[in-house]
Amino acid sequence: MTTPPTPVDVAFALLREGRLVDAENLMARELQTATAEHGPGSPQWASAQCDLGNVLLNADQLDRAIECFRHAASMTPRDYETHKDQLTYRMNLGMALRMAGRLDEAEASLREGAGERLEFYGREHAGYAFGLEPLADLLLERGDVAQARQVVEEAVANFWRNGHGRVATALALRAAVVHAGGTGEPLFVGLDQLPDAVVEELAGSVVARLDHGDPASKDLLGALIEAVQGRLGPDHQTTLNTLSALANLGSDLGDQSGRVEAIERVLDSYDRQGRHEEAVMASLGLAMAQSEAGDGDAALRTYAAAHQRAGRVGRPELQSQVLRNWGLALNESGQSGPAEQRLNEAVAHARRGADHETVGRASVALGLFLQHEGRLSEAEKVLEEGLPLLGPAHPDGLVGRSHLGAVREGRTCGCGDMQETIAAAFHDFVITRLPEDLLERLDVTIEDDDFKIDVRLRREPTEAELERLNGVFQSAHAEFRRSLQEPRYAG
C-alpha cells in the first residue's frame with residue numbers, strides 16, 4: 138500500500154511547481170492546527186514551526202525561516218526523542234543564519250548546538266558528527282581553513298567508524314577544505330572502500346557546493362571527475378552528471394571550449410548507450426555552447442542533428458523544443474525564412490503534445506519573431522493564444538506580455554518594457570491573493586533592480602490579514618526577484 142504524502146511533502150511539491158504562496162499557506166494551516174490542538178511550545182507546535190521554516194527557506198524567505206527555527210528550538214524537551222528534535226531545530230537555525238549571511242550568529246548557534254550534541258550523544262556517536270559538519274562548513278566560509286580541517290576530519294572519522302552514509306557529504310566537505318588549504322594532498326581518498334550509492338552522493342554534494350564564480354572550482358571538479366570515472370566508469374550516470382556540472386561551470390567562468398568538450402563527452406556516452414532522449418537534450422546544450430563560443434555554423438549543424446534525433450524519439454514536446462531553439466538560432470544567424478518555418482513547426486508539434494508550457498513557449502518564440510518582422514496582427518494572435526498557458530512569473534511569459542503590449546501599440550519591439558511588465562505582474566500577483574476590500578491602492582515600480590512598493594489600505598486589517606499581507610508580499614518578492622536577472626530574448 139502506498140503511504141499518502143504528508144502535508145510537508147505536498148508543500149514541497151507545490152514549491153517545485155512554483156506555487157510558493159500555496160505551499161506556505163498549507164504549512165501555516167498545519168501550524169495553526171498544531172497550536173490549537175497542542176498549544177504553543179509543544180513538540181507538535183515545534184515540529185510544525187520547523188516544517189514551515191523549511192518551506193520558507195526553500196522559498197528564499199530566510200528571515201521568516203530563521204524565526205520559525207528559532208521558535209522550534211525554544212521548545213522545552215519532554216523526553217529523549219523531543220530532545221533529539223530540538224537539536225535538529227537548533228542546527229537548522231544555525232544553517233539558516235549562515236545562508237542569510239549572519240555569520241557571527243550562525244557560528245554561535247552551531248557551536249552551541251555541537252556542544253549540546255556532544256553532551257547528549259557522546260563523542261563516538263554519529264549524532265555528534267552531524268553537528269560538526271555544518272560548523273566546519275561555516276569555518277571554511279569564514280576563511281578559517283585550519284580549524285575547518287580539524288573539525289571536518291573529526292566528522293569524517295566519526296561517520297566512517299560508524300558506517301554512516303553521511304560520510305559522503307563529510308568527505309565532499311573535506312575535499313573542499315583540503316583544496317582550500319592548497320597543500321597538494323589528494324582530495325578524494327578511500328572511494329574504493331565505499332558503496333556505489335555513497336560515491337554517487339559524495340559527487341552530488343561536491344557539485345552542489347561549487348562556487349561558480351571561483352576559477353579554482355574547476356580544479357576541484359576535475360579531481361572529482363577523475364576519481365568518479367575511475368571508480369564508477371565513464372558511462373555511469375554520476376560521471377555524466379559531473380561532466381555536465383563541468384560544462385555549467387565552464388559557462389559561468391567563460392571557458393567555452395572546456396564547456397563544449399565536456400558536453401561532447403556526455404553526448405558520446407549517451408550515443409554509446411542508446412539513450413536517445415538524453416542525447417537530444419545533450420545536443421541542445423552542445424549547440425548553445427557552440428553558439429556562445431562563437432561557432433554559429435557548428436551550432437546550426439548540431440541543431441539539425443538534434444532534430445533528427447528527436448524525430449527518432451517521436452515525443453512531440455521534445456521535437457517542439459528542438460525546433461524552437463533551432464528557429465531562434467537560425468533567426469539570429471540572419472536566416473529568417475528557415476527560422477519562421479522551424480518556429481511554426483515548433484508550435485504545431487507542441488500542440489500535438491500534452492504540455493501546456495511547451496505550447497506557450499513555442500508560441501511566444503513565434504510571436505516575437507513575427508513582431509520583429511513587422512507582422513503585428515499575426516504576432517498579436519499567436520501571443521494571445523500562448524500567454525495564458527504560462528504562469529505569472531514565467532520568464533517567457535513576462536517577455537511575451539511585454540512584447541504583446543508593444544504589438545498593441547503598433548511597435549515592432551517591446552524589449553524595453555520588461556521592468557514595467559514585471560512590476561505589473563507583481564501587482565496582479567498580490568491583488569489576486571488578498572481580500573478585495575483590503576487594498577485601496579497598490580503601486581509597484583522597479584528602482585535599482587529592486588521592487589519599490591507603495592500601499593494604501595481601505596481599512597484597518599485584522600492581525601491575521603496583516604500577517605497574510607506581509608506573507609504575500611514576501612512571496613511575491615521571492616517569485617519575481619529572479620525575473621529581474623533572467624536572460625531575455627534579443628530584440
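So in this note's numbering, spot 422 of the sequence shown is number 559, and the numbers just go up one at a time. In this text, a Cβ means the ideal position worked out from N, Cα and C, and glycines have one as well.
Spatially closest choice to asparagine 378 from Asp356, Glu278, Glu338, by CA coordinates | Distance check between asparagine 378 and each of Asp356, Glu278, Glu338 places Glu338 closest, using alpha-carbon atoms only.
Selected residue, minimal CA-CA separation from tryptophan 463, among Val484, Glu322, Ala317, Phe325 = Residue Val484 is the option with its Cα nearest to tryptophan 463.
Going straight from the alpha carbon of aspartate 587 to that of arginine 578, what length do you get?
-> Their Cα atoms are separated by approximately 20 Å.
Thinking just about the alpha-carbon of each residue, which of Leu194, His220, Cys205 is nearest to the one in alanine 185?
-> Cys205
Under 8 Å between the Cβ atoms of leucine 269 and glutamate 291?
-> yes
Spatial neighbours of alanine 442 within its chain, please: CB distance less than 8 Å, with the 5 preceding and 5 following residues excluded, ordered by chain position.
-> Ser420
Which one of Ala313, Arg596, Ala237 has the shortest CA to CA distance from aspartate 574?
-> Shortest Cα-Cα distance from aspartate 574 to any of Ala313, Arg596, Ala237 involves Arg596.
What residue range is occupied by the uninterrupted beta strand (DSSP E) comprising glutamate 577?
-> Residue range 576 to 584 is occupied by the beta strand (DSSP E) that includes glutamate 577.
Measuring only between beta-carbons, confirm whether threonine 219 sits less than 8 Å from chain B.
-> Absence of chain B from the displayed structure is noted, only one protein chain being present.
Could you give the DSSP three-state label for arginine 593: helix, strand or coil?
-> Of the three classes helix, strand and coil, the one that applies to arginine 593 here is strand, per DSSP.
Segments assigned alpha helix (DSSP H), at least 4 residues, entirely inside the region 300 to 331 | 304 to 318, all fully within the region 300 to 331.
Continuous alpha helix (DSSP H) assignments of at least 4 residues falling wholly in the region 386 to 471 | 393 to 410, 413 to 429, 433 to 450, 453 to 469
Among Leu199, Thr219, Gly178, Asn191, which has the Cα closest to the Cα of alanine 615?
-> Taking only the C-alpha atoms, the option nearest alanine 615 is Leu199.
Near leucine 328, what residues of its chain come up, given a Cβ to Cβ distance below 7 Å and the 5 sequence neighbours on each side ignored?
-> Val336, Ala364, Arg368
Helix, strand or coil: which one does DSSP assign to aspartate 197?
-> coil
Does the distance from the C-beta atom of alanine 516 to that of valine 536 stay below 8 Å?
-> no
By Cβ distance below 8 Å, which residues in the same chain neighbour leucine 404 in space, the five residues on each side in sequence not counted?
-> Ala416, Ala419, Ser420, Leu423
From Pro371, His301, Thr306, Ser381, residue whose alpha carbon lies closest to that of arginine 346 = Thr306
Separation of aspartate 492 from serine 473, as counted between CA atoms | 27 Å
Starting from phenylalanine 588, follow its DSSP beta bridges and name the residues at the other end.
-> Answer by DSSP bridge pairing, in chain order: Ile583.
Among residues of its own chain, excluding the 5 on either side of alanine 613, which ones have a beta-carbon nearer than 6 Å to its beta-carbon?
-> Phe563, Phe566, Val567
State the CB to CB distance for the pair glutamate 469 and phenylalanine 506, rounded to an integer number of angstroms; the pair is presumed to be in contact (CB under 8 Å).
-> The pair is not a contact, with the Cβ atoms about 11 Å apart (cut-off 8 Å).
Whose C-beta lies closer than 8 Å to the C-beta of asparagine 481 among residues of the same chain, with five residues either side of it excluded?
-> Leu503
Mind checking proline 529: buried by the 16 CB within 10 Å criterion, or exposed?
-> buried
Could you pull the start and end residues of the alpha helix (DSSP H) that leucine 524 belongs to?
-> Careful: leucine 524 lies outside any alpha helix (DSSP H) and carries neither H nor E.
Apart from the five residues just before and just after serine 179, which ones in its own chain have a Cβ nearer than 6 Å to its Cβ?
-> none
Measure from the alpha carbon of glutamate 161 to the alpha carbon of each residue in Phe149, Thr170, Ala334, Ala171, then state which is nearest.
-> With distances taken between CA atoms, glutamate 161 lies nearest to Phe149 out of Phe149, Thr170, Ala334, Ala171.
Residues near aspartate 372 by beta carbon distance below 8 Å, same chain, minus five either side | Ser406, Arg409, Gln410
Three-state class that DSSP yields for methionine 212 in the structure shown | Collapsing the DSSP output to three states places methionine 212 in coil.
Are leucine 460 and arginine 479 touching if we call contact CB-CB under 8 Å?
-> yes
Would glycine 608 be called buried (16 or more neighbouring beta carbons within 10 Å of its own) or exposed?
-> Result: buried.
What's the C-alpha gap between methionine 138 and aspartate 146?
-> Per-residue confidence for methionine 138 stands at a pLDDT of 49, beneath the threshold of 50, marking its modelled position as unreliable; the derived number appears in the next sentence. Rounded to whole angstroms, methionine 138 to aspartate 146 spans 17 Å at the Cα level.
For tryptophan 182, collect the residues of the same chain with a Cβ closer than 7 Å to its Cβ; drop the 5 residues on either side in sequence, then sort them by chain order.
-> Ala171, Thr172, His175, Gly176
Within 10 angstroms of the Cβ of leucine 603, are there 16 or more other Cβ atoms? Answer buried if so, exposed if not.
-> Exposed: under 16 other Cβ atoms inside 10 Å.
To the nearest angstrom, how far is it from the Cα of leucine 361 to the Cα of leucine 308?
-> Roughly 11 Å between the two C-alpha positions.
Tell me whether glutamate 557 sits in a helix, a strand or coil according to DSSP, three-state version.
-> In the structure shown, the three-state DSSP call for glutamate 557 is helix.
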